[in-house]
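For the sequence shown, my numbering gives the first residue as 858, with consecutive numbering after it. For each residue, glycine too, the CB sits at the ideal point set by N, CA and C. Here the structure is a predicted model, which means the values were calculated and not measured.
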Amino acid sequence: MNKLRILTALLVMLVATTSFGQGLKVTAFGGYTIQDKVYGYYGDLVIGDGGHFGGMLSYEKSSNLSVDLTYSYQSTTFKVNDYSFGTGNASGNYSGSVSYLMIGSSASPDFNAKFAPYGGFMVGAAIFSSKVVSEQWKFAVGGKLGAIYHVNDKFGIVIQTQLMVPVQGVGFTVGCGTGGCGSGVGTTSSATQLGFTGGVEIKLGN
């Protein structure tokens, strides 16, 4: 699917649920994602650990339910162990990034409480990017558990843990010779990126 269409569809889905800005809130966040390893027929791929940051636009449909549009970015190193031989061998470390563009919902006993625990589910796209391979968009799902401490009616402090799962395999092919490019590493298992996040929530509407 065209990347612009994916982004447009997610924005339309969120905007369609809102009503003139009432219940809107924005969260800026940053945190840390743990290293993960995925396996393939011809090698394995480690997605390095590192810091991540991003933002979330939410609409509270009620005091118990919100609809969320989330973007996060992690600069990382892809550590490739290619079991093949020859000019196409792709073993090595490659700088790159993993981004997530997700839409989902969160539920809480009461989002307006001084201390509001919540949990949520997300679906969307994981975007893998590196200087040596083409950008790849993969279908992803995610879950989150966290809590918000409301300093006042407009500002809150967020703590959260989340698990992002690109459910499609990731291809990583580098190294070209006179006979062409090798097969590189194509993973067969899903990545599971566990992260820990803190942030600040700002309510825009009443």
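| said: Assuming tyrosine 957 and tyrosine 975 are in contact, meaning their beta carbons sit under 8 Å apart, how far apart are those beta carbons, in whole angstroms? | reply: That pair is no contact at about 18 Å.
| task | Pull up the distance between the alpha-carbon of valine 1015 and that of tyrosine 896, whole angstroms please. | result | In a straight line, the C-alpha of valine 1015 is about 34 Å away from that of tyrosine 896.
| message | Considering only the alpha carbon of each residue, which of Gly905, Glu917, Thr1018, Phe1053 lies closest to alanine 964? | response | Selected option, being the one with the closest Cα: Glu917.
| With 16 other CB atoms within 10 Å as the buried threshold, where does threonine 1018 fall? | That one is exposed.
| query | What is the rounded straight-line gap between the Cα of serine 1040 and the Cα of phenylalanine 985? | reply | The pLDDT assigned to serine 1040 is 47, lower than 50, so where the model puts this residue is not dependable, and the model offers no usable value.
| task | Indicate the three-state DSSP secondary structure (helix, strand or coil) for valine 1024 in the structure shown. | result | Coil, per DSSP.
| field | Cβ-based burial, aspartate 939 [other Cβ within 10 Å; buried from 16] | value | A residue is called buried when at least 16 other Cβ atoms come within 10 angstroms of its Cβ; aspartate 939 meets this threshold and is buried.
| Residues near glycine 907 in its chain [Cβ-Cβ closer than 7 Å; skip 5 each side] | These residues qualify, in order along the chain: Thr890, Gln931, Ser932, Thr933.
| said: Quick check on DSSP: helix, strand or coil for isoleucine 904? | reply: Looking at isoleucine 904 - three-state DSSP - the assignment turns out to be strand.
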